[in-house]
Structure formats: C-alpha cells, structure tokens
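Number of protein chains: 2
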Amino acid sequence: MKKKLSIIDIAKHLNVSITAVSFILNGKAKEKRISDELVERVLKFVDEVGYKPNLLARGFRTGKTNIIGLLVEDISNPFFCSIAKNIEEAAYRNGYKILYSSTDNDTEKTKELIRVYRDRCVEGYIIAPPPGLEDDINDLIKSDFPVVLFDRSLEGVKSDYVGIDSAKSMYEGVKHLIEKGHKNIGFVTLDSLQSQMQDRFLGYDRAIQEYKLPEFIKEISFHQSPENIVKQIIYFLQRKKELDAVVFATNYLAVSGLKAITELGLSVPKDLAIMAFDDLDLFELYAPSITTVSQPVKRISEEVISLLLDRLNNASGGKKKKPFQNIVLETSLIIRNSTK
Amino acid sequence: MKKKLSIIDIAKHLNVSITAVSFILNGKAKEKRISDELVERVLKFVDEVGYKPNLLARGFRTGKTNIIGLLVEDISNPFFCSIAKNIEEAAYRNGYKILYSSTDNDTEKTKELIRVYRDRCVEGYIIAPPPGLEDDINDLIKSDFPVVLFDRSLEGVKSDYVGIDSAKSMYEGVKHLIEKGHKNIGFVTLDSLQSQMQDRFLGYDRAIQEYKLPEFIKEISFHQSPENIVKQIIYFLQRKKELDAVVFATNYLAVSGLKAITELGLSVPKDLAIMAFDDLDLFELYAPSITTVSQPVKRISEEVISLLLDRLNNASGGKKKKPFQNIVLETSLIIRNSTK
DNA sequence: CGTAATCGCTAAATCATTTTAGTTTAAAAT
DNA sequence: ATTTTAAACTAAAATGATTTAGCGATTACG
Chain H
71 MKKKLSIIDI
81 AKHLNVSITA
91 VSFILNGKAK
101 EKRISDELVE
111 RVLKFVDEVG
121 YKPNLLARGF
131 RTGKTNIIGL
141 LVEDISNPFF
151 CSIAKNIEEA
161 AYRNGYKILY
171 SSTDNDTEKT
181 KELIRVYRDR
191 CVEGYIIAPP
201 PGLEDDINDL
211 IKSDFPVVLF
221 DRSLEGVKSD
231 YVGIDSAKSM
241 YEGVKHLIEK
251 GHKNIGFVTL
261 DSLQSQMQDR
271 FLGYDRAIQE
281 YKLPEFIKEI
291 SFHQSPENIV
301 KQIIYFLQRK
311 KELDAVVFAT
321 NYLAVSGLKA
331 ITELGLSVPK
341 DLAIMAFDDL
351 DLFELYAPSI
361 TTVSQPVKRI
371 SEEVISLLLD
381 RLNNASGGKK
391 KKPFQNIVLE
401 TSLIIRNSTK
Chain Y
71 MKKKLSIIDI
81 AKHLNVSITA
91 VSFILNGKAK
101 EKRISDELVE
111 RVLKFVDEVG
121 YKPNLLARGF
131 RTGKTNIIGL
141 LVEDISNPFF
151 CSIAKNIEEA
161 AYRNGYKILY
171 SSTDNDTEKT
181 KELIRVYRDR
191 CVEGYIIAPP
201 PGLEDDINDL
211 IKSDFPVVLF
221 DRSLEGVKSD
231 YVGIDSAKSM
241 YEGVKHLIEK
251 GHKNIGFVTL
261 DSLQSQMQDR
271 FLGYDRAIQE
281 YKLPEFIKEI
291 SFHQSPENIV
301 KQIIYFLQRK
311 KELDAVVFAT
321 NYLAVSGLKA
331 ITELGLSVPK
341 DLAIMAFDDL
351 DLFELYAPSI
361 TTVSQPVKRI
371 SEEVISLLLD
381 RLNNASGGKK
391 KKPFQNIVLE
401 TSLIIRNSTK
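So the sequence lines, in the order shown, correspond to chains H and Y. Residues in the first sequence are numbered consecutively from 71, following the numbering used here. Residues in the second sequence are numbered consecutively from 71, following the numbering used here.
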C-alpha cells in the first residue's frame with residue numbers, strides 16, 4: 071500500500087528542512103527568501119510523488135478549515151437550494167467547502183447547529199436565521215467570525231445582510247391586484263415572527279389600508295404536513311366566499327393554495343385571482359400561469375458569497391473592520407395570467 | 071475573552087492525568103478501569119465549564135472527521151435535494167455532517183471533488199456517479215472507504231447500491247401509453263451514458279418493439295440552458311407531426327417539454343399525451359396533471375444512509391466484510407390526466 | 001576594521017488530542 | 001514472607017503540519 075507521505079518524508083528525501091518545504095508549499099518562498107533552485111527542486115519532487123499536505127494536521131495547527139457553514143430554512147425548497155447551489159459553486163472556486171443543514175426554522179435546532187459548526191471550526195457562516203437567534207449570532211460576530219445573514223434579518227443584530235425589500239415588493243404586488251379591480255383580497259401567510267414574513271404582511275397591509283379595503287388574513291403554522299396546509303386553505307376559502315383574490319406569502323403556500331383551488335373547483339382568475347411570492351417553474355407553466363414576486367436568486371447568492379469571501383480574506387489581518395453591509399436587491403413583479 | 075479550554079486545563083485543574091480525562095470523555099472509563107468517583111468528578115467539571123474537545127485535534131490524531139461526502143448531479147434538482155435533505159437529517163442524528171457538491175455530471179469535476187474529499191478525510195461517500203468514474207470509485211473502495219452509489223450504477227464497480235429498476239419502470243409506463251391506444255410514441259432523453267438513462271431507454275425500446283411500433287427518439291445534450299432544451303424539443307415536435315404521445319426521460323426534460331408544448335399551443339392529451347419520470351408538484355398541479363413514474367425518494371434516502379452508517383459503524387473492526395448490497399426499490403406509475 | 005544587515009536556511013516549539021506502555025499501591029495467592 | 005495479580009492511574013510518544021527564533025556565512029557600510 072502507498073502510505074500517505076508526510077512533509078517529513080519530503081524533507082528527508084531532499085535533505086532539506088521541513089521548514090523550507092513548508093514555506094515553499096505555502097507560497098512563502100519569496101517572503102522567506104528561499105532560493106529559486108530549492109523551490110524548484112521541492113516543487114518538482116512534490117509533484118512527482120503527488121504529495122498532498124494533510125489538511126487535518128494543517129487545520130489543527132492553524133485553526134483554519136476552509137469550511138463555510140450554510141444554514142437555510144429548508145434545503146429542499148427551490149428558493150434555498152438554488153441559492154445553495156450557487157453559493158457552493160462560488161465557494162468551491164475559492165477553495166472553500168460547504169457544510170450545510172436545514173434549520174426547519176427551529177430555533178433550538180439552529181442553536182445546536184451553530185454549536186456543532188463552531189466545534190468543527192467552521193470559518194464563516196451564511197445563515198437564513200429563524201427567530202430567537204439574536205444572541206447566538208451576536209456571539210459569533212463578537213467572536214470575529216464572518217457571518218452573512220440573508221432572506222430575513224434579526225432585530226438587534228448588526229451584520230452583513232443580503233435581502234430584498236419584502237414590504238415594498240408585496241405592496242406593489244397587492245397594488246397591482248387592486249388596480250386590476252380586485253376588492254376583497256385575502257392574504258395567506260405563516261404564523262411566523264421572521265422579519266421577511268412580517269414585512270410581507272406589512273406590504274399587504276399598507277396597500278389594503280391605502281385603498282381602504284377589507285383585510286382577510288389566514289395564518290398557517292409552519293410545522294404542518296402539506297396536506298394539512300391544503301385543508302386549512304380550503305377551509306379559509308370556503309368561509310370567505312367574498313374573496314376575489316388571494317395572495318400567498320411564500321411559494322409553497324401558493325402550491326398548497328393551488329391544490330386547494332383545484333379541489334374546490336374554482337376557476338382562476340375568473341372566480342379568484344392568485345398571486346405568489348418567489349417564482350417556480352410551476353407558476354410559469356400552470357394554467358393559468360401565476361403572477362408572482364420574483365427574487366433575484368442569482369444576485370442574492372452572488373452578493374452573499376462575495377460578502378463572506380471578502381470577510382474571510384481580510385480576516386483579522388487589518389484592524390480596520392469594514393462596516394457591515396446591508397444589501398437590498400430589487401425584486402420583479404412577474405405579471406402572468408392568474409391576475410388578468 | 072474566554073480562551074478555549076483544552077483537555078490539559080481540565081486535567082490540571084482536577085489534578086488528574088490527561089489520559090484519564092481523555093478515557094473518561096471517550097466512554098472508556100469502564101474498559102480502562104477508571105474509578106466511578108473520578109469519572110463523576112471529571113464529568114461534573116467538564117459539564118460545569120462547558121468544555122468541548124477540539125475536533126480538529128481529535129480528527130488529526132484519529133483521522134476521524136465524522137464527515138460524509140455527498141455528490142449528486144445537481145443539488146437544485148428536486149429529486150436530489152429531497153434525497154439530500156433526508157440524508158442530511160439522518161446523518162446529523164448519527165453524529166455525522168454532510169459535505170456536499172453538485173457534480174453537474176462532469177467527470178473531471180467529480181474526480182477532482184473526490185480528491186478534495188479525500189484530502190479532507192471524509193469518512194464515507196454517497197455518490198450519484200457520472201460516467202467515467204469507475205477507477206476512482208474502485209480506488210475508494212479498495213482503500214476501504216465506505217461508498218454507497220445511488221440512482222445510477224457503474225459497470226465494473228462492485229459497491230453498495232440503491233436504485234430502481236429503470237428499464238422495467240419505463241417499460242410499464244410506455245406500455246400504459248400503448249394500451250391507451252397511442253401508436254406513435256416519442257422519447258426525449260439525454261445523450262448520456264449513465265446507466266439509469268440507458269435503462270430508461272431500454273424500457274421504452276422494449277415496449278415499442280414488443281408492440282412493433284415505430285420509435286421516435288430525441289437525444290438532448292446535458293449541458294444546455296433550459297431555453298435551448300425547450301427550443302430543441304419544439305423543433306423535434308414540429309418535425310414529428312405524427313406523434314400522439316411523448317415520454318420524457320427526466321423530470322426537467324418534461325418541464326422543458328411542457329414549456330415547448332405551451333408555446334406550440336398543443337392540447338394535452340388531445341393532441342399529444344405526455345409521460346414523465348420522477349414526480350414533481352408541478353406534475354400534480356399542471357392542467358392536465360401529468361402521468362409519471364415516481365421514485366420512492368424517502369425509501370431511497372433511508373436505504374442509502376442506512377447502508378452507509380452500517381459500513382461506518384462496522385468499519386475495519388471485524389475482518390468479515392459484509393458483501394455489497396444491491397437494493398432495488400419499486401417505483402409507482404402515477405396515472406394522471408395527461409395520458410387519458 | 002568593526003559592526004550591521006542580508007541571505008538562505010534550520011532546529012525546535014507548538015497545536016489538543018489519543019493511545020501505548022508503563023508505574024504505583026494494595027490486596028490476594030502461594 | 002514473598003510473589004502475583006489487579007485496580008487505578010500516568011508519562012510520554014505520536015499525529016503532521018506551521019511558525020518563531022535564530023545561526024553561520026557573506027556582504028555592505030561608516
């Protein structure tokens with residue numbers, strides 16, 4: 071068997087000090103004034119025998135793991151997994167790997183996950199935080215870990231953040247419905263304290279108030295089977311016969327909503343207009359196609375990872391900490407046939 | 071600042087040897103005959119000060135990282151991300167973390183990923199392998215790494231495997247179409263050498279041959295923008311006017327197919343019946359709903375992770391290697407309205 | 001001429017843990 | 001009374017890298 075070579079073997083074989091080999095391998099040859107001749111000799115040999123430094127040993131010594139922790143609500147949600155994919159790709163190109171987990175919006179689970187990640191010496195964090203994580207995340211930041219939050223922010227946490235203006239986006243969406251002549255517009259949302267959900271509600275609320283229309287709100291609790299969500303929406307729609315439009319605050323609520331509407335045999339948009347939040351293939355292909363607020367997934371990913379890489383690269387080196395950035399990206403209202 | 075405590079600090083403070091503390095913390099107290107009194111004293115103190123062993127140091131010493139590498143074709147594909155989520159959850163419950171990447175079915179990228187994972191001392195591998203990875207995976211297995219393949223197998227690679235009988239599933243699906251009276255059935259697939267894609271074709275082929283019907287095959291190359299795929303399908307459908315049904319070999323080909331059909335203004339199933347492979351919310355909700363072959367995603371995940379955990383737990387300990395398991399799960403043909 | 005700087009390199013400490021190979025003490029066996 | 005055995009612990013090696021401090025020789029400078 072080919073026993074894994076160590077830097078010691080390399081050094082011995084070349085009759086050089088371990089130190090020299092280490093410097094060369096870490097690109098510090100110039101800085102440490104190692105002769106070009108030796109550099110070449112070492113590099114050549116290392117390449118020949120295919121030596122790769124033991125990353126565990128290195129990590130142990132330096133505390134660096136080149137691992138980024140990614141915590142999203144649900145990796146099986148198209149919104150989050152698109153973002154995860156983009157982030158993973160960019161991280162990979164920069165020599166970082168991603169450890170991921172779904173938080174399921176569970177505060178305790180997420181606290182535990184952060185603990186585990188810290189134990190594993192994860193170097194940076196990308197988090198779509200559930201509520202109640204303020205202290206834990208402030209801890210991370212105080213301990214000088216690069217942290218980028220996205221999708222929803224936390225009251226009292228100063229950090230880098232990438233998101234959208236949920237309130238404004240929702241406001242414009244609802245306004246569009248109103249301008250199309252809808253008067254009784256329902257709002258199906260989660261009973262969640264997360265900032266983005268609150269903001270989506272505020273957007274709805276503002277538009278409805280502005281036009282002095284009645285509000286119809288259905289809050290659905292997060293931890294439910296899809297079937298149950300469908301049932302609740304059916305119940306809501308049956309009780310509020312006066313509705314002529316419904317806005318769903320998330321993509322999967324809208325999916326359940328469509329199932330409900332199918333079961334009720336309602337015709338969209340004749341009986342009921344529909345608007346969603348976050349785009350899906352389904353919304354484009356559904357007949358009629360579904361109007362929705364679309365987040366710039368690609369740009370969100372790019373901003374998130376670039377913020378994090380930035381912090382990672384300038385970590386602790388300079389004393390001048392850059393101020394935290396708060397990046398708010400534009401959404402687009404994709405008007406389709408469900409609101410004609 | 072609270073400096074991270076080390077096992078040395080613990081030992082010093084309690085006037086005990088580091089060894090004793092280590093044994094106790096690793097549950098070897100009984101085996102190493104440490105007195106109950108000391109065990110309790112150490113455990114109590116460790117708990118009090120919240121000491122957590124440095125996992126990098128431990129990993130360095132033992133070579134164990136408790137990390138599983140997960141390589142799937144595309145983490146943003148609903149099929150793979152559902153599986154990823156289930157696997158992540160089970161792994162987490164068993165003290166393992168997941169490092170993931172998308173292979174994009176790129177042989178070179180995947181080879182590189184395996185290299186990186188090895189460098190990082192990943193302890194087990196779950197892989198949906200692109201073609202051309204036979205040697206690399208055999209290497210892993212020869213080096214005694216637990217490896218579970220799924221979704222597609224590799225010629226000449228003996229390993230644990232979880233999958234479905236793609237040929238049979240596709241055969242039954244196409245047979246269903248034939249029995250419904252369709253005579254000119256197209257098959258839209260990838261120009262891929264992966265076993266599961268080959269098998270899906272074989273299933274189509276067998277059914278068509280059996281009934282002596284004509285074949286209409288469109289191969290689409292994997293690395294394409296969704297828009298291009300749509301265009302190619304449109305072109306295919308326009309040239310083959312005689313088609314009365316089309317089978318799509320993957321879920322995303324079917325999604326693109328639906329877009330194509332929408333653009334062409336065809337009516338499903340009147341002008342053209344449709345069948346897909348792998349289920350999506352979209353297929354259930356689309357009007358008409360789409361008939362498809364559904365894989366048991368949950369069971370696949372369960373089998374995959376349980377095979378892997380099994381190998382990890384019995385790693386190297388016993389000399390009696392269990393024979394490799396080849397688990398083939400049943401699919402179900404979900405008959406919906408696109409094939410009425 | 002004496003001191004300082006530079007060059008090119010290396011010895012050894014260090015990181016936190018696991019694990020091997022003992023050691024010490026007291027009780028049990030002979 | 002001596003040897004064995006067992007219990008309860010410990011000293012120190014080992015893991016593979018990084019990094020600090022410094023060494024000897026040559027060159028430069030005032």
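Each residue gets a CB set at the ideal place from its N, CA and C atoms; glycine is no exception.
Query raised in the report: So does the segment 307 to 315 of chain H actually touch the segment 280 to 297 of chain Y, counting three or more Cβ pairs closer than 8 Å?
Result: no
Query raised in the report: Hey, out of Y:Thr89, Y:Ser402, Y:Pro393, whose CA is closest to aspartate 348 of chain Y's CA?
Result: Y:Ser402
**Report entry** Interface residues of chain H facing lysine 122 of chain Y [CB-CB closer than 7 Å]
**Finding:** Asp189
Query raised in the report: So leucine 219 of chain H is in the beta strand (DSSP E); what residue range does that whole segment cover?
Result: 217 to 220
Report task. Starting from glycine 129 of chain Y, find everything on chain H with Cβ-Cβ shorter than 8 Å and list it in chain order. Result -> Leu126, Gly129, Phe130
Report task. Give me whichever residues DSSP pairs with aspartate 230 of chain H in a beta bridge. Result -> H:Val218
Requested in this report: Kindly list, in the order they appear in chain H, the residues whose Cβ is closer than 9 Å to that of leucine 169 of chain Y.
Outcome: Ile137, Lys167, Ile168, Leu169, Tyr170
Query raised in the report: Distance, Cα to Cα, glutamine 365 of chain H vs isoleucine 234 of chain H?
Result: Taking the straight line joining both Cα atoms gives about 7 Å.
Query raised in the report: By Cβ distance below 6 Å, which residues in the same chain neighbour asparagine 407 of chain H in space, the five residues on each side in sequence not counted?
Result: Pro358, Ser359
Query raised in the report: What residues from the segment 309 to 332 of chain Y come within 9 Å of chain H, judged by C-beta to C-beta, listed N to C?
Result: Tyr322, Val325, Leu328, Lys329, Thr332
Query raised in the report: Is DSSP giving valine 244 of chain H helix, strand or coil here?
Result: helix
**Report entry** Inside the segment 173 to 206 of chain Y only - beta strand (DSSP E) runs reaching at least 3 residues
**Finding:** 194 to 197
Query raised in the report: Curious, which full-length beta strand (DSSP E) runs of at least 3 residues does the segment 277 to 333 of chain Y contain?
Result: As far as the segment 277 to 333 of chain Y is concerned, its whole beta strand (DSSP E) runs of at least 3 residues are 285 to 290, 315 to 318.
Query - Alpha carbon of glycine 139 of chain H to alpha carbon of leucine 126 of chain Y, nearest angstrom - result: 16 Å
Query raised in the report: Name the DSSP bridge partner or partners of valine 258 of chain Y?
Result: Y:Lys288, Y:Phe318
Report task. Could you pull out every residue in the same chain whose Cβ sits closer than 7 Å to the Cβ of leucine 342 of chain H, ignoring the five residues on either side in sequence? Result -> Leu313, Asp314, Ala315, Val316, Ile331, Leu336
Query raised in the report: Where does glycine 129 of chain H sit, in a helix, a strand or coil, going by DSSP?
Result: Three-state result, glycine 129 of chain H: helix.
**Report entry** Proximity test, Cβ basis, 9 Å: leucine 355 of chain Y and chain H
**Finding:** yes
Query raised in the report: Taking Cβ-Cβ distances shorter than 7 Å, what residues in chain H pair up with aspartate 351 of chain Y?
Result: Val325, Leu352
Query raised in the report: By how many angstroms is the C-alpha of valine 398 of chain H removed from the C-alpha of valine 367 of chain H?
Result: 12 Å
Query - Proximity winner among Y:Ser265, Y:Glu249, Y:Tyr241, relative to phenylalanine 257 of chain Y (alpha-carbon distances) - result: The residue with the shortest Cα to Cα distance from phenylalanine 257 of chain Y is Y:Tyr241.
Requested in this report: Give me the Cα-Cα distance between leucine 108 of chain Y and alanine 99 of chain Y, rounded to the nearest whole angstrom.
Outcome: When rounded, the distance between both Cα atoms is 9 Å.
Requested in this report: Compare the Cα-Cα distances from glutamate 225 of chain Y to each of Y:Ile207, Y:Lys122, Y:Gly165, Y:Lys212 and report the closest residue.
Outcome: Cα-wise, what sits closest to glutamate 225 of chain Y is Y:Ile207.
Query raised in the report: Among Y:Asp269, Y:Ser265, Y:Gly129, Y:Asp380, which residue has its Cα nearest to the Cα of glycine 202 of chain Y?
Result: Y:Ser265
Report task. Check whether the Cβ of glutamate 158 of chain Y lies closer than 9 Å to any Cβ atom in chain H. Result -> yes
Query raised in the report: Do we get a CB-CB distance below 9 Å when we pair aspartate 144 of chain H with the residues of chain Y?
Result: yes
Query - Proximity of arginine 185 of chain Y and isoleucine 137 of chain Y at Cβ, strictly below 9 Å - result: no
Query raised in the report: By the 10 Å Cβ neighbour count, where 16 or more other Cβ atoms means buried, how is arginine 309 of chain Y classified, buried or exposed?
Result: Taking every protein chain shown into account, the CB of arginine 309 of chain Y has fewer than 16 other CB atoms within 10 angstroms, so this residue is exposed.
Query raised in the report: What's the C-alpha gap between lysine 228 of chain Y and phenylalanine 394 of chain Y?
Result: 7 Å
Query raised in the report: Taking any Cβ of chain Y, which residues in the segment 185 to 214 of chain H have a Cβ under 9 Å from it, in chain order?
Result: Arg185, Val186, Tyr187, Arg188, Asp189, Arg190, Cys191, Ser213
Query raised in the report: So which residues of chain H does tyrosine 241 of chain Y contact, with C-beta pairs closer than 9 Å?
Result: The premise fails here: tyrosine 241 of chain Y is roughly 28 Å from chain H at the closest Cβ pair, so nothing lies under 9 Å.
Query raised in the report: From which residue to which residue does the alpha helix (DSSP H) around asparagine 383 of chain H run?
Result: 367 to 383
Requested in this report: Under 7 Å Cβ to Cβ from phenylalanine 215 of chain Y, same chain only, skipping five residues before and after it: list those, please.
Outcome: Only Gly194, Tyr195 meet the Cβ criterion.
Requested in this report: Give a yes or no on whether the minimum CB-CB distance between tyrosine 305 of chain H and chain Y is below 9 Å.
Outcome: Chain Y has no Cβ within less than 9 Å of the Cβ of tyrosine 305 of chain H.
**Report entry** 7 Å Cβ cut-off: residues of chain Y touching alanine 154 of chain H
**Finding:** Ile145
Report task. If I'm right that tyrosine 170 of chain Y touches isoleucine 168 of chain H with Cβ under 8 Å, what's the distance once you round it to whole angstroms? Result -> Indeed, because the Cβ distance is near 7 Å, the residues count as touching under 8 Å.
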